[in-house]
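S.K.: This structure is in structure tokens; I'll ask about it shortly.
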Amino acid sequence: MMDWRDVVGASAVAISLAAMVPYLISTWKGTTRPHIFSWGIWGIFNLIGGLAQIVDHGGPGAWVNIAGAGTCWLGALFGYMRGGTRDITRSDCFAASGAIVGIIPWVLTNDPLWSVIIITIIDMLAFYPSFRKGWIKPHEDMPLVYWVSALKHALGIAALTNFSITTVLFSASLVLTNSAYVLMLTARRRVVVQAAD
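Per my numbering, residue 5 is the first one in the sequence shown, and the count goes up by one each step.
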């Protein structure tokens, strides 16, 4: 018999995949121009976060992060192929280095907790290039994708079978950062439109 968490976890994955379709189409058409470096890093972080949830018995709550890794890499690939933002700054390199460094504590201690803490901090910092770009060019991104990301990670948390810092922290930070990004894009779109008038 299927547990309710299986249904919630599968729903989070379905929402994640469905939300990426319009984003990928818009990216392919050149309307949306994702920051490809951010999307690649987010893929690595989602994979680490999802694997940590699996190791700490997170159950179906981990599925959304594993699926999220794949969709992030698709977003980066489509952005790369269709003119996404490629400006790589020192902060981008810091975030990429952090993705690699974030794995080290897990390997050394056989416990994913410190890796989750590190990737959560670095993920929030890695959001900066997209946040910066969204502030300057708020019409080049799709707020709906980030709103759905916040929703899917909230569902992922609800689907967890074990609640611990290891299983909850990364997903909770994604709910917060994605929600903040949507609010910023929405507000900036109004300002940029008003400034153009």
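Backbone N, C-alpha and C fix where the C-beta goes; we use that ideal spot for every residue, glycine too. All of these numbers come straight from a predicted model, not from anything done at the bench.
Quick one: using the 10 Å Cβ neighbour count with 16 as the cut-off for buried, is Ala-191 buried or exposed?
M.R.: The sequence position of residue 191 within the sequence shown is 187, counting from 1. Flag for Ala-191 reads exposed.
S.K.: Are the CB atoms of Gly-47 and Gly-160 within a distance shorter than 8 angstroms?
M.R.: Within the sequence shown, residue 160 is the residue found at index 156, counting from 1. Within the sequence shown, residue 47 is the residue found at index 43, counting from 1. Their beta carbons are not under 8 angstroms apart, which means Gly-160 does not touch Gly-47 by this criterion.
S.K.: Quick check on His-61: does DSSP put it in helix, strand or coil?
M.R.: Your numbering for residue 61 matches position 57 in the sequence shown. Reduced to three states, the DSSP call for His-61 is coil.
S.K.: Which of the three DSSP states, helix, strand or coil, is assigned to Thr-171?
M.R.: Against the sequence shown, residue 171 aligns to sequence position 167. Helix at Thr-171.
S.K.: Going by beta-carbon coordinates alone, are Pro-3 and Ile-122 separated by less than 8 angstroms?
M.R.: This structure cannot speak to residue 3, because the chain is shown only from 5 to 201.
S.K.: Cα-Cα, which of Ala-184, Arg-193, Ser-175 is closest to Gly-72?
M.R.: Here the question's residue 72 lines up with position 68 in the sequence shown. Selected option, being the one with the closest Cα: Ser-175.
S.K.: Examine the Cβ distances between the segment 149-159 and the segment 16-34 and report whether three or more of them are shorter than 8 angstroms.
M.R.: yes
S.K.: Alpha carbon to alpha carbon, how far is Phe-98 from Leu-78? Give it in angstroms, no decimals.
M.R.: Your numbering for residue 78 matches position 74 in the sequence shown. Your numbering for residue 98 matches position 94 in the sequence shown. Those two C-alpha atoms are separated by around 22 angstroms.
S.K.: Does the segment 37-47 come within contact of the segment 134-145, defined as at least 3 CB pairs closer than 8 angstroms?
M.R.: yes
S.K.: Taking 6 angstroms as the limit between beta carbons, can you name the residues of its chain near Gly-88, skipping five residues before and five after?
M.R.: Stepping through the sequence shown from its first residue, residue 88 is reached at position 84. Hits under 6 angstroms: Arg-37, Pro-38, Ile-40.
S.K.: Does the beta-carbon of Gly-13, which I'm using as the reference point, lie nearer than 7 angstroms to any heavy atom of the ligand FMN?
M.R.: What this structure holds is no ligand at all, so the ligand FMN is not there to describe.
S.K.: Say whether the segment 165-179 touches the segment 59-66, bearing in mind that this needs 3 or more beta-carbon pairs closer than 8 angstroms, one atom from each stretch.
M.R.: yes
S.K.: Does DSSP put Thr-75 in a helix, a strand or coil?
M.R.: The sequence position of residue 75 within the sequence shown is 71, counting from 1. When DSSP states are grouped into helix, strand and coil, Thr-75 belongs to the helix group.
S.K.: On the three-state DSSP scale, how would you describe Thr-89?
M.R.: The residue labelled residue 89 in the question sits at position 85 within the sequence shown. Residue state, collapsed to three classes: strand.
S.K.: Using the rule of at least 16 other Cβ atoms within 10 Å of the residue's Cβ for burial, across every protein chain shown, is Ser-42 buried or exposed?
M.R.: Counted from its first residue, the sequence shown places residue 42 at position 38. Answer is buried; the Cβ neighbour count reaches 16.
S.K.: Measuring straight from C-alpha to C-alpha, what distance separates Val-17 and Val-197?
M.R.: Counted from its first residue, the sequence shown places residue 17 at position 13. Counted from its first residue, the sequence shown places residue 197 at position 193. Cα to Cα, the separation comes out at about 34 angstroms.
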